[in-house]
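Peer 1:
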Amino acid sequence: MREIPRRKEYVEVTVRIDENGIKHPLSIKFQGLKTYEVERLKHIIDRRASKVGGTGKCYRIVIFGEETSLYEEDEGKWFVEAKENVRW
Numbered sequence: 000m001r002e003i004p005r006r007k008e009y010v011e012v013t014v015r016i017d018e019n020g021i022k023h024p025l026s027i028k029f030q031g032l033k034t035y036e037v038e039r040l041k042h043i044i045d046r047r048a049s050k051v052g053g054t055g056k057c058y059r060i061v062i063f064g065e066e067t068s069l070y071e072e073d074e075g076k077w078f079v080e081a082k083e084n085v086r087w
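Quick note on numbering: numbering that gives the first Met the number 0 labels position 38 of the sequence shown as 37, and the sequence is numbered without any gaps.
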């Protein structure tokens, strides 16, 4: 099975910061248009975005019942590994 090409897509993220300083993403907005609610935060790890490059914190989240990755760069910018030729 051929892997779908990906691109780094910067997104707007709404977060809640708990009493321990941990960020919990609540929603993700793509291209200033479509907003997706985050159902659950599974875990946070330091990881490289292997498909598009970049490093930082990887938030494993659930949207529409599907687990996916959301990345926070050290500068505070957020991105996803979006599928090429797919518009939100």
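Each residue gets a CB set at the ideal place from its N, CA and C atoms; glycine is no exception.
Every value quoted in this text rests on a predicted model; they were computed, and no experiment measured them.
In this structure, does DSSP put residue 7 in helix, strand or coil?
Peer 2: Residue 7: strand per DSSP, three-state reduction.
Peer 1: With distance defined between alpha-carbon atoms, name the residue in 47, 11, 75 nearest to residue 37.
Peer 2: The option with the nearest alpha carbon to residue 37 is 11.
Peer 1: Taking only runs that begin and end inside the segment 23–65, name each unbroken beta strand (DSSP E) of 3 or more residues, in chain order.
Peer 2: Entirely contained in the segment 23–65, the beta strand (DSSP E) runs reaching 3 residues are, in chain order, 33–36, 39–47, 54–62.
Peer 1: Could you check if residue 80 is buried or exposed, using at least 16 other CB atoms within 10 Å of its CB as the buried criterion?
Peer 2: Classification of residue 80: buried, given that the 10 Å Cβ count is 16 or more.
Peer 1: Would DSSP call residue 16 helix, strand or coil?
Peer 2: Note: residue 16 maps to strand in three-state DSSP.
Peer 1: With DSSP collapsed to three states, give me the class of residue 71.
Peer 2: Residue 71 falls in the strand class under three-state DSSP.
Peer 1: Look at the alpha carbon of residue 7 and the alpha carbon of residue 55, and state the distance between them as a whole number of angstroms.
Peer 2: Distance between the alpha carbons of residue 7 and residue 55 is about 13 Å.
Peer 1: Taking the beta strand (DSSP E) that residue 80 falls in, what are its first and last residues?
Peer 2: Counting along the chain, the beta strand (DSSP E) containing residue 80 begins and ends at 77–82.
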